[in-house]
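Participant: Residue numbers (this note's numbering): 610 to 876.
1. Exposed or buried, what is residue 632 when buried is set at 16 or more other beta-carbons lying within 10 Å of its beta-carbon?
2. Is there contact here, the region 688-696 with the region 658-678, by at least three beta-carbon pairs under 8 Å?
3. Would you kindly report the start and end of the unbroken alpha helix (DSSP H) that includes residue 664?
4. Taking buried to mean at least 16 other C-beta atoms within 10 Å of its own C-beta, is residue 683 buried or exposed?
5. For residue 678, which option in 840, 776, 658, 861 has the closest C-alpha, if you only look at C-alpha atoms?
6. On the criterion of 16 or more Cβ atoms from any shown chain inside 10 Å, does residue 717 qualify as buried, or is it exposed?
7. Whole alpha helix (DSSP H) runs in the region 648-689 with 4 or more residues, listed along the chain?
8. Closer than 7 Å by C-beta to residue 787: which residues in its own chain qualify, once you throw out the five before and the five after it? Chain order, please.
9. Verify whether the separation of the beta carbon atoms of residue 803 and residue 815 is less than 8 Å.
10. For residue 773, which residues of its own chain have a beta-carbon under 6 Å away from its beta-carbon, when the five flanking residues on both sides are left out?
11. Quick one: what does DSSP say residue 861 is sitting in, helix, strand or coil?
12. For residue 580, which three-state DSSP category applies?
13. Please name the residue, chosen from 838, 797, 784, that lies closest to residue 812 on a Cα-to-Cα basis.
14. For residue 809, which three-state DSSP category applies?
15. Using a threshold of 8 Å, state whether the C-beta atoms of residue 674 and residue 711 are closer than that.
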């Protein structure tokens, strides 16, 4: 394997900064973001959708709700070890609420648009709506069929995460490479590869990996945050401006949450 590195010496950079799974949150090894923090971007999309709905702008509201659904998907993908736990019930409840709201608005829109036309036209509009619903369910079926493979990848990443936290970097690297063979440019795998490379003293390789992560997954904010950390840790004050640009890109472009460490060091 390309990065199966047997670590025989302690790297000068404190690995405590890498204890968190996604790392941008910083803090102690057991310091993980609260569900409320993870849900902040999705909540903003939901609030925007509600405002649009109140103004009668159904298309805009549905678009914002779908952004929120995409954000919930990202949260579950990034937290495979927490997704099935009771603490993630809020995520599941929000998903059910959003899907129900979308269905209700689309049906109401079909009926409202039909009020000024004949009854036969109303029936046709509702028929189209039902067809759209059926198409969505059919699309969900192939997605469900692919979930065993996704669970396999999540299991690999959970294993790699555990190895990384135990500082068994060779094992973590081997598992990451297996995941990337199965799904090239898989964001969680690239993210962990970069952390392993930096933790084992290969900052140059880590920068290349996070560059690949950002280019292939431009909406994945941990890539920007981790690149900012590497630049600041390796270049110090000389890299502050470049590090801040990456951090701001993660915040502004990806709606990433505030990172206490980067705020303190870069602002």
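Glycine included, every Cβ here is placed at the ideal spot set by N, Cα and C.
Facilitator: If we stick to the structure as given:
1. In the chain shown, the residue the question calls residue 632 occupies position 23. Residue confidence is low: residue 632 scores 47 on pLDDT, short of 50, so the model does not pin down where it sits. No coordinate-derived value is stated.
2. no
3. Here the question's residue 664 lines up with position 55 in the chain shown. Element bounds for residue 664: n/a, residue is neither H nor E.
4. The count along the chain shown starts at 1 and reaches residue 683 at position 74. Buried: at least 16 other Cβ atoms inside 10 Å.
5. As a position in the chain shown, residue 678 is number 69, starting the count at 1. Ranking 840, 776, 658, 861 by Cα distance to residue 678 puts 658 first.
6. Taking the chain shown and counting its residues from 1, one reaches residue 717 at position 108. Under this definition residue 717 is an exposed residue.
7. 649-663, 667-687
8. Walking along the chain shown from the start, residue 787 turns up at place 178. Same-chain partners within the cutoff: 765.
9. If you number the chain shown from 1, residue 803 lands on position 194. If you number the chain shown from 1, residue 815 lands on position 206. Yes, the pair counts as a contact, with Cβ atoms nearer than the cut-off.
10. Position 164 of the chain shown, counted from the first residue, corresponds to residue 773. Cβ neighbours of residue 773 beyond the five flanking positions: 781.
11. Mapped onto the chain shown, residue 861 falls at position 252. Helix, per DSSP.
12. This structure leaves residue 580 out entirely; the chain is present only between 610 and 876.
13. Indexing the chain shown from 1 puts residue 812 at position 203. Answer by Cα proximity: 838.
14. Counting from 1 along the chain shown, the entry for residue 809 is found at position 200. Correct three-state label for residue 809: coil.
15. Stepping through the chain shown from its first residue, residue 674 is reached at position 65. Stepping through the chain shown from its first residue, residue 711 is reached at position 102. In contact: residue 674 and residue 711 (Cβ atoms closer than 8 Å).
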